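K.L.:
Sharing a structure here in structure tokens format.
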Amino acid sequence: MNKAIYICAAAVLVLASCSNDEIVERAKENAISFRSVVGINTRATEVNTGWLQQNDKLYVTTFKENGDRLYDETEYSYNGSAWIASPPQSWNGNSKLNFFLAYPKLSEWQAGFELTKDKKTVQVSVDEDIPDQKDYVVANVTGNKTNFNDPISVDLIHVLSSVEIKAMNTNEAFKYKVKGIRLCGVNKDVTIDLSTINSTLNIGHSTNMRNYELIYDTPVELGSKAESLMGNAKIAILPPQTGGDALKWDGSKTSNTAGDYVGYYLSVKINVTSKYGSSVYPAGSTADDATYGWAAISVPFDWESGKKYVYTLDFSEGAGRVDPTDPGAAVTPNGVVDPAKGMPILGKRIKFGIAVSPWKDGGDQDATLTDGIKFTVGVDSWTDKEKDAEIN
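Pasting the structure below:
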């Protein structure tokens, strides 16, 4: 008689907070089923438990010990009280099975992709609209039929990187308002070898670059406390990057040639005035018709898979440089002259700090199941380490 496979996930991922949210999934007779306790975050905006129960799914692909696929990717959906797999999976005479767990389904990682014995490398493209970006998570675990009553511990890993931009200003001589951010020169996509999940994840970096932009209607006015510039998106979920200082835009070059503007940089859509209300940047802005221009800050992008990077920009001693590629239509309007592309706006440097947050183990919980394979899925949250620097 075939034994049903039960998967118990004791915790699933949270990206927009540092809490250890969990999902506990408890099996029922003759089928894989889950009971959701707390939400999972899989997008750049926060997902709560209600959204998870109405929309979210977990996907499992099952392989035999010899590498042949036993079951295609199987979907688990919420039925109002539990997560149910359809069709149910059983051992089907095998003593050992290998499972790949993923969210979202792998065909959403790459159109038409199916995991097979010989095909484990998938290409992931990231949505250029930051609020619509997804968190791609995956795990690989082997189960043994002889101990099917013991939970199998699973840690879903994030294959992409998370980025948040904050800013502050303690200089009372200037007022800053922000209505958007750009991350410039970032990879458009990456290739991921899923067979390396349990060792060092093998990631291939694209030569296709794009800018990721977020604009919002209500401006953020900077003060002495660092404020998030991410609007409702909270974070950006982006391909891992390499190169760091070697590939960042060299903001010190001022010849205004195209070659000066190659590399990584952040850009902030700002309005700068004096404390008395006179316009600073864009120069043609007025109190009745406030306009905004893009200010660029050269920063190193060196992002690892599964880590969160928080950039805190300090505008107290400078406003960056006029965006070298697209400062915006409001810059130098009607004969009012702003600095040229790539030139300093206030003539001083912006300071920035980077908080790097790798995942840590959020702990596993076991559930007593009947007659089947069980998984406990660990949730990792952030730990921080700081590094500071100055940029031109």
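Throughout the sequence shown, residue numbering follows this note's numbering, covering 629 to 1020 in sequence.
We treat Cβ as the ideally placed atom computed from N, Cα and C, and that holds for glycine.
It should be emphasised that the depicted structure is a prediction, and the values quoted were computed from it without experimental measurement.
(1) Might you give, ordered along the chain, the residues of its own chain that have their beta carbon closer than 8 Å to the beta carbon of Ile-809, omitting 5 neighbours on each side?
(2) I need the DSSP call for Asp-942, collapsed to helix, strand or coil.
(3) Indicate whether Val-754 and Ile-785 have their beta-carbon atoms separated by less than 8 Å.
(4) Suppose the cutoff is 8 Å on Cβ atoms and the five residues either side in sequence are ignored; what does the same chain contact list for Asp-700 look like?
(5) Quick check: the Cα distance between Thr-960 and Asp-760, rounded to an integer number of angstroms?
(6) Taking only three categories from DSSP, how would you classify Gln-751?
(7) Can you tell me whether Val-814 is buried or exposed? The criterion is at least 16 other CB atoms within 10 Å of its CB, across all chains shown.
(8) Residues bridged to Ile-925 by DSSP?
(9) May I ask which residues mark the beginning and end of the beta strand (DSSP E) holding Leu-866?
(10) Look at the alpha carbon of Glu-1014 and the alpha carbon of Val-791, and state the distance between them as a whole number of angstroms.
(11) Are at least three pairs of beta-carbons, each pair with one atom in the stretch 826 to 836 and one in the stretch 914 to 930, less than 8 Å apart?
(12) Taking only three categories from DSSP, how would you classify Pro-847?
(13) Please state whether the Cβ-Cβ distance between Ala-795 and Ala-854 is less than 8 Å.
(14) Helix, strand or coil for Gly-859, going by three-state DSSP, please let me know.
(15) Is it buried or exposed, Ser-789, if we count other Cβ atoms within 10 angstroms and call 16 or more buried?
(16) State yes or no: is the C-beta of Ala-767 within less than 8 Å of the C-beta of Ile-825?
(17) Would you mind working out which of Asp-942, Val-964, Val-900 sits nearest Phe-802, comparing C-alpha positions?
(18) Whole angstroms is fine: what's the gap from Val-950's alpha carbon to Ser-933's?
(19) With H, G and I counted as helix, E and B as strand and the rest as coil, what does DSSP make of Ile-825?
(20) What would DSSP say about Lys-773, mapped onto helix, strand or coil?
(21) In or out: Gly-695 buried (at least 16 other Cβ within 10 Å) or exposed?
(22) Taking C-beta to C-beta, are Gly-912 and Ala-968 nearer than 8 Å?
(23) Buried or exposed, going by whether 16 or more other CB atoms sit within 10 Å of the CB of Asn-797?
(24) Could you check what DSSP says for Pro-972 in three-state terms: helix, strand or coil?
(25) Quick one: grab the DSSP three-state call for Asn-797.
(26) Going by DSSP in three states, Glu-792 sits in which element: helix, strand or coil?
(27) For the ligand GDP, is there a heavy atom less than 7 Å away from the beta-carbon of Gly-813?
(28) On the DSSP letters alone, give me the boundaries of the beta strand (DSSP E) that Ser-907 sits inside.
(29) Starting from the C-beta of Leu-729, find all residues in its chain whose C-beta is less than 6 Å away, skip the five residues before and the five after it, and write them out in chain order.
(30) Helix, strand or coil: which one does DSSP assign to Glu-693?
(31) Rounded to the nearest angstrom, what separates Tyr-731 and Thr-749 at their Cα positions?
(32) Please go through the same chain and pick out, in chain order, the residues whose beta-carbon is closer than 8 Å to the beta-carbon of Asn-772, but skip the five residues on each side of it.
P.N.:
Walking through what the data contain:
(1) Ile-793, Glu-841, Leu-842, Leu-857, Met-858, Leu-894, Ser-895, Val-896, Lys-897
(2) strand
(3) For the 8 Å CB-CB criterion, Val-754 and Ile-785 do not form a contact.
(4) Result list for Asp-700: Thr-689, Glu-742, in chain order.
(5) 33 Å
(6) strand
(7) buried
(8) DSSP, once it has assigned bridges, lists Leu-894 as partnering Ile-925.
(9) 864 to 866
(10) Only weak support is given to the placement of Glu-1014: the predicted model assigns it a pLDDT of 44, under 50, and the question is left unresolved by the model.
(11) For the pair of segments examined, the stretch 826 to 836 was found not to touch the stretch 914 to 930: the number of CB pairs separated by less than 8 Å stays below three.
(12) strand
(13) yes
(14) helix
(15) With a threshold of 16 other beta carbon atoms within 10 Å, Ser-789 meets it and is buried.
(16) yes
(17) Val-900
(18) 31 Å
(19) coil
(20) helix
(21) exposed
(22) no
(23) With at least 16 other beta carbons inside 10 angstroms of its own, Asn-797 counts as buried.
(24) strand
(25) coil
(26) strand
(27) With respect to the ligand GDP, the structure offers nothing, as it holds no ligand at all.
(28) 907 to 909
(29) Val-688, Ala-767
(30) coil
(31) 16 Å
(32) Ser-723, Lys-724
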